[in-house]
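Trainee: Position one of the sequence shown corresponds to residue 29 (the working numbering), numbered consecutively onward.
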Amino acid sequence: MLSFISSCGLSGIDGFAVSVEVNLAHGMPMFEVVGLPDASVKESRERVRAAIKNSGYSFPAERLTVNLAPADMKKEGPAFDLPIALGILTCLGLMDQQAVQDVCIFGELSLDGSVRSVRGALPMVISAIERGVKKVMVPADNLNEVCCLEGAEIYPVSSLCEAVRHFTNQIPIAPCAPVKYSALISHREFNEDFCHVKGQRSAKRALEIAAA
29 MLSFISSCGL SGIDGFAVSV EVNLAHGMPM FEVVGLPDAS VKESRERVRA
79 AIKNSGYSFP AERLTVNLAP ADMKKEGPAF DLPIALGILT CLGLMDQQAV
129 QDVCIFGELS LDGSVRSVRG ALPMVISAIE RGVKKVMVPA DNLNEVCCLE
179 GAEIYPVSSL CEAVRHFTNQ IPIAPCAPVK YSALISHREF NEDFCHVKGQ
229 RSAKRALEIA AA
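1. I think Lys102 touches Asp124, with their Cβ atoms under 8 Å apart; what is that distance to the nearest whole Å?
2. Going by other Cβ atoms of all chains shown within 10 Å of its Cβ, with 16 needed for buried, is His194 buried or exposed?
3. Look at Phe32 and Glu49 and say whether their C-beta atoms are less than 8 Å apart.
4. Roughly how many angstroms lie between the CA atoms of Phe222 and Ile199, to the nearest whole one?
5. With distance defined between alpha-carbon atoms, name the residue in Leu110, Val207, Ala45 nearest to Gly179.
6. With burial defined as no fewer than 16 other Cβ atoms inside 10 Å of the residue's Cβ, what is the status of Asn197: buried or exposed?
7. Can you tell me where the alpha helix (DSSP H) holding Val174 begins and where it ends?
8. With H, G and I counted as helix, E and B as strand and the rest as coil, what does DSSP make of Asn82?
9. Apply the 10 Å Cβ neighbour rule to Pro57 and answer buried if 16 or more other Cβ atoms are within range, or exposed otherwise.
10. Let me confirm a value: Gly130 is counted as buried when at least 16 other C-beta atoms fall within 10 Å, else exposed. Which label applies?
11. Based on Cα-Cα distance, which residue from Tyr85, Ala89, Arg233 lies nearest to His54?
12. Run the CB neighbour count on Leu139, radius 10 Å, all protein chains shown included, and call it buried at 16 or more, exposed below.
See the structure below:
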């Protein structure tokens, strides 16, 4: 069984498309991630395994291969946890491939199956919109970072179970309405002060000029 999940990677401050390909085959139980992953991506195997089990689903005792394409781009960070887990559950028949094929998905998984925020959500969503993606699923904790973007429906998700229920139409997640950036920052409190920063005189002066 083979499944495909659309996701995003981060190269510097730019996002790029990543296809998470999951293949489940008969053989000795094995879980391998290929496609030039860094250490944090390789560690996703244990997070994904625990998250699936602790969410009440069965983890396959078969040969499991995950390819992060394109293979010539280095993949960093834990943002591929959620798409890998959903790809595995799709291979197991818990979700329909057609339900997830047009959605760009990223997010880190905790061992209990909850979805954590990731670094670089804003450029990743921007890159997805520029590619013509119309639906993006992001960690709920990243919503304030991306809710001001237009051009795609953004679905905030808090757990693996919530994502599965959404894609199986049990409890659909409502997309967030775009929020104007001015409205977003008008209710935000900033408790940090430059007096807490030691040194960096030139940098502080540059920020003061930019804010003037």
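Don't be surprised by glycine CBs; every beta carbon is placed ideally from N, CA and C.
Predicted model only: the values in this text are computed from it and were never measured.
Mentor: For this structure:
1. In the sequence shown, the residue the question calls residue 102 occupies position 74. In the sequence shown, the residue the question calls residue 124 occupies position 96. At roughly 32 Å, the Cβ-Cβ gap does not stay under 8 Å, so Lys102 and Asp124 are not in contact.
2. Taking the sequence shown and counting its residues from 1, one reaches residue 194 at position 166. Buried, by the Cβ-count rule.
3. Mapped onto the sequence shown, residue 32 falls at position 4. Mapped onto the sequence shown, residue 49 falls at position 21. Yes, these two residues count as a Cβ contact at 8 Å.
4. One-based indexing of the sequence shown puts residue 222 at position 194. One-based indexing of the sequence shown puts residue 199 at position 171. Taking the straight line joining both Cα atoms gives about 45 Å.
5. Working through the sequence shown from its first residue, we reach residue 179 at position 151. Closest option to Gly179, Cα to Cα, is Val207.
6. What you label residue 197 is simply residue 169 of the sequence shown in a count that begins at 1. It counts as exposed.
7. For the purposes of this step, residue 174 is taken as the residue at position 146 of the sequence shown. Where Val174 is concerned, the enclosing alpha helix (DSSP H) stretches over 171-174.
8. On the sequence shown, residue 82 is found 54 positions in, with the first residue counted as 1. DSSP places Asn82 in helix when its eight states are reduced to three.
9. Counting from one through the sequence shown, the residue named residue 57 turns up at place 29. Pro57 comes out exposed.
10. Within the sequence shown, the letter at position 102 stands for residue 130. Gly is not the amino acid found at residue 130; the sequence shown has Asp there. Answer is exposed; the Cβ neighbour count stays below 16.
11. In the sequence shown, residue 54 corresponds to position 26, counting from 1. Residue Ala89 is the option with its Cα nearest to His54.
12. Counting from 1 along the sequence shown, the entry for residue 139 is found at position 111. So Leu139 counts as exposed.
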